[in-house]
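To start, the structure under review is shown below, and the notes come after it.
Protein chains: 2
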Amino acid sequence: MVSSMNIKDEHGIMFILSAPSGAGKTTLCRMAVDHFDKMQHSVSYTTREPREGENDGRDYNFVSQHTFKEMLDRGEFLEWAEVHGYLYGTSKDDIERLLREGVDAILDVDVQGARQIKSKGKEGVYIFIAPPSLNSCRERIEKRGVNSKDEIEKRLSSAKKELAEALWYDYIIINDTLDNAFNKLRSIIIAEKNRAFRMKPYLPEN
Amino acid sequence: MVSSMNIKDEHGIMFILSAPSGAGKTTLCRMAVDHFDKMQHSVSYTTREPREGENDGRDYNFVSQHTFKEMLDRGEFLEWAEVHGYLYGTSKDDIERLLREGVDAILDVDVQGARQIKSKGKEGVYIFIAPPSLNSCRERIEKRGVNSKDEIEKRLSSAKKELAEALWYDYIIINDTLDNAFNKLRSIIIAEKNRAFRMKPYLPEN
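These protein sequence lines are chains A and B, in that order.
Per the numbering used here, the very first residue in the first sequence carries number -7; after that it's consecutive.
Per the numbering used here, the very first residue in the second sequence carries number -7; after that it's consecutive.
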């Protein structure tokens, strides 16, 4: 059913997910890619080191500072940002190729990045993943192996700032449990595929 | 999960479903009411005779032409229409009471009615249920016991006119199978509950 929706699609939809540190957006992106046909996670470029278990080309494209800056100079990023001292960016070409092929692209970008895409007037569905409480946010940051009290406070304080931006997004998902949050994300994706302006080709001929 | 969404809701959401004759919107409304807590189907008023199996107060409020016109004179209808010679209307009070109590209201109105509600600037989610083809539309009309060739043609021709209006709705659901259509309706309802402007009360305090 989900796949048959795309038969006549000329253009994929861009879904932009962002969330404060530790709200669990990466897992949700992967679940969406697994669930829907013709949906791909756009792999970001980053200058930070891979964490244990992360694969180059799957989780991120890990590049040097030099390569990143060259791409930046050539205007190849749809959005880019410096987060906690590292550079992150989304390749414009990667996304446009997916959308042209009728594949939905799901992007996992921070609030600054989402803002850049939005300010360029790109049509997309903007989804903010919020933690159910600031406490749960702290727990997830700690679980990630961030131990220094200063670093935890720094991330929590930026999480608070980011939460204040949630209201300009199209949707807000409270990530209380992964199942609930994914049920909502899945629903938003299905709903957006059924927006009237996207359904014109599917209406019976008059 | 679905019910806990409503704890802090101050105001319900109005979902307006319309469809050409025989696209199956009434069944979908009932399924939504069964599935979601705090969702009620607004029962329309009509001057037509009850069909077999229809109950007064559940399927419609069956009223006389005289009573209907009195209500009309008192401005009690959010929308009203004459369809195939009968009057149909939705009580403004019924809907407003539901929404104030934090109950979502699902309305089952024809295209003329939906247009009236929209033109009054009422905030709501407008959903068009379309048949997968004009043939399937004809079959459903015939199954309803409409036998006269003229009457079938009349209804089909108004279905075609109504299909042309689908594009001003927020969403279009192709009713190919009931399961698919309900999955989409359910997704739209969940997605709308998670619209950013409705989620403000649920964000963690900063």
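Glycine included, each C-beta is placed from N, C-alpha and C at the ideal position.
Per DSSP, Thr19(B) is one residue of the alpha helix (DSSP H) stretching across Lys17 to His27. Contact annotation: the stretch 154 to 163 of chain B touches the stretch 103 to 121 of chain B, with at least three C-beta pairs closer than 8 Å. By the neighbour-count definition (other C-beta atoms within 10 Å, threshold 16), His33(A) is a buried residue. When CB distances to chain A are screened at a threshold of 9 Å, the residues of the stretch 99 to 126 of chain B falling below it are Tyr118, Ile119, Phe120, Ala122, Pro123, Pro124, Ser125 and Leu126, in chain order. Taken in chain order, the complete alpha helix (DSSP H) segments of 4 residues or longer contained in the stretch 47 to 130 of chain B are 57 to 65, 84 to 92 and 103 to 111. According to the DSSP secondary-structure assignment, Ser10(B) is paired through a beta bridge with Phe120(B). As computed with DSSP, Met31(A) is found in a beta bridge with Asp96(A).
Secondary structure at Ile182(A): helix, using DSSP grouped into helix, strand and coil. Separation of Pro124(A) and Pro196(B) (C-alpha to C-alpha, rounded to the nearest whole angstrom) is 6 Å. For Ile144(A), the enclosing alpha helix (DSSP H) starts and ends at Lys141 to Leu155. A Cβ of chain B is located within less than 8 Å of the beta carbon of Lys176(A). Note that the stretch 56 to 75 of chain B touches the stretch 98 to 107 of chain B; at least 3 beta-carbon pairs, one per stretch, sit closer than 8 Å. By the CB criterion at 8 Å, Cys21(A) and Ile98(A) fall inside the cutoff.
Spanning the alpha carbons of Phe60(B) and Lys112(B) requires a straight line of approximately 21 Å. Around the beta-carbon of Lys153(A), fewer than 16 other beta-carbon atoms lie within 10 Å, marking it exposed.
Met6(A) is a Cβ neighbour of Ile87(A), given a cutoff of 8 Å. Here Asn53(B) has Val35 and Tyr37 as same chain residues with Cβ atoms under 6 Å from its own Cβ, once five neighbours each way along the sequence are excluded. The shortest C-alpha to C-alpha distance from Ala188(B) to any of Arg187(A), Arg190(A), Ile180(A) and Ala188(A) is the one to Ile180(A).
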